[in-house]
Amino acid sequence: MKKPILTLIGFALLYSAGAQDIKPTATVEYVSEELSGIIKKDAKVEVIAEGFQFTEGPIWVAKEKMLLLSDVPANTIYKWTEAEGKEVFLKPGGYTGTTERGGFMGSNGLLLTPDGKLWICQHGDRRIAELNTSLSDPKPEYSTVAGEYDGKKLNSPNDLTLSKTGNLYFTDPSYGLASDSKKEIDYQGVYKMDPTGKVTMLLDSIDQPNGIAIFPDQKTLLVSNSDPEKKRWYAYDLAKDGSITSGRIFYDASNSSEPGLCDGFKIDKKGNVFASGPGGIWIFNKSGEILGKIKLEGATAANCALTPDGKTLFITAEKHLLRMKMR
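Heads up: the sequence shown is residues 644 to 970, going by the numbering used here.
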């Protein structure tokens, strides 16, 4: 089993990089002409909200026409709408305890279930939680979806994805822990929870597993590693029983000297991957061939979200929320 690297190291690198309040700018690098069918040549990135501490976990909620995102150190989930802009959606979002603590205690990855429930990776409470109230009238009332493995508390669930068969897959790095002494599991894992609620450990070999998603054909699971020494995305075949086999490197960006790590990502309906990585958003096709990059200056990308039609991309970049109308 891998020994944990320093708690918060990945987030610390990202967070410190954005210490200066600089409004980010972006350019698109077209490595393959295939990207021009995804992002039009005159597409621009715009800053649509700012004043956060560190943004993460964005999802587009089509029914409410809003974007939800996490501000991890602020322990707050925000919403953004075209009409009203940035508003507080839930607080506390990730730590509901009464003992004062700091660090990355808030929510991170967010997910909407097929029946419209909001599931939240809560760093501070060290669990995946379900919001017990409606999205139209939210209150910070939660129940636990997954909080333990083998009788031990999880580290700090970071990101999550659901298969069409109802299996929940999630990553559990150490970023949200107040200190390593609070760890009950001595590695950072990737887990599966089946529809009965049984949690199974799939991987303990990735130093800091972070982003996670399933390709549209439901045959491949993709996981990012936010270890500064191993900036990689890994792919795994999904078996019929939900287990994983045949692990391999999907793409290795370890030689990149640009700021940022392999963090959150989204996969569109065609299997194209929009992944936060060194220097901005990396865009791959389903075979792991790089199509291009959205190169950010002035901020480090941590995650992104797509609208269902695949035409609009939202990017969480430290203190800012960005939007690109791609076509």
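Backbone N, C-alpha and C define an ideal beta-carbon position, used for all residues, glycine too.
T698 and D793 have their C-alpha atoms spaced approximately 31 angstroms apart.
Looking at the DSSP output, G931 sits in no beta bridge, so it has no partner there.
Shown here for K683: same chain residues with a beta carbon closer than 8 angstroms to its own, the five before and five after excluded, namely M969, R970 in chain order. Within the same chain, Cβ atoms closer than 8 angstroms to the Cβ of L710 are found at P701, I702, W703, V704, K722, W723, T724, A948, F957, L964, the five residues on either side in sequence being excluded. Annotation: the continuous beta strand (DSSP E) that includes T863 extends over 863 to 870.
By the Cβ test, the region 893 to 902 is in contact with the region 914 to 927, since at least three Cβ pairs between them sit closer than 8 angstroms. When secondary structure is reduced to three states using DSSP, A705 falls in the helix class. In the structure shown, the three-state DSSP call for S897 is coil. E707 and S777 have their C-alpha atoms roughly 11 angstroms apart. Looking at the DSSP output, R770 bridges to Q765. Counting only residues of its own chain and dropping the five nearest sequence neighbours on each side, Q696 has a CB closer than 6 angstroms to the CB of D714, P716, A717.
Of G914, K841, S897, the smallest CA-CA separation from D860 is found for G914. DSSP places G953 in the coil class of the three-state scheme, outside both helix and strand.
In this chain, Y830 is not harboured by any beta strand (DSSP E), its DSSP state being neither H nor E.
Taking 3 residues as the shortest admissible run, the region 670 to 701 contains the following complete beta strand (DSSP E) segments, listed from N- to C-terminal end: 688 to 693. 9 angstroms or more divides the Cβ of E693 from the Cβ of I937.
Per DSSP, the continuous beta strand (DSSP E) segment holding K873 begins and ends at 873 to 881. Taking a contact as a CB-CB distance under 8 angstroms, the pair D906 and S867 counts as one, their CB atoms being some 6 angstroms apart. Under the three-state reduction of DSSP, K666 is assigned to coil, being neither helix nor strand. Straight across, the Cα-Cα distance linking S886 with K826 is about 26 angstroms.
DSSP, reduced to helix, strand and coil, places K936 within a strand of the structure shown. Comparing alpha carbon positions, the residue from I720, R744, T742 closest to G752 is I720.
Taken in chain order, the complete beta strand (DSSP E) segments of 3 or more residues contained in the region 778 to 822 are 785 to 789, 802 to 805, 811 to 815.
Closest in C-alpha terms to W762, from the list R769, E773, I855, comes E773. Around the CB of T888, fewer than 16 other CB atoms lie within 10 Å, so the residue is classed as exposed.
For R966, the enclosing beta strand (DSSP E) covers residues 963 to 968.
Under the criterion of beta carbons closer than 8 angstroms, N798 and E784 do not qualify as touching, at roughly 24 angstroms. A distance below 7 angstroms between beta-carbons, with the five flanking residues on each side excluded, links G890 to the following residues of its chain, in chain order: Y877, Y879. Nearest Cα to I933 within the set A669, K841, T959, E677: E677. Between D802 and Q831, the beta carbon gap of about 12 angstroms keeps them out of contact (Cβ cut-off 8 angstroms).
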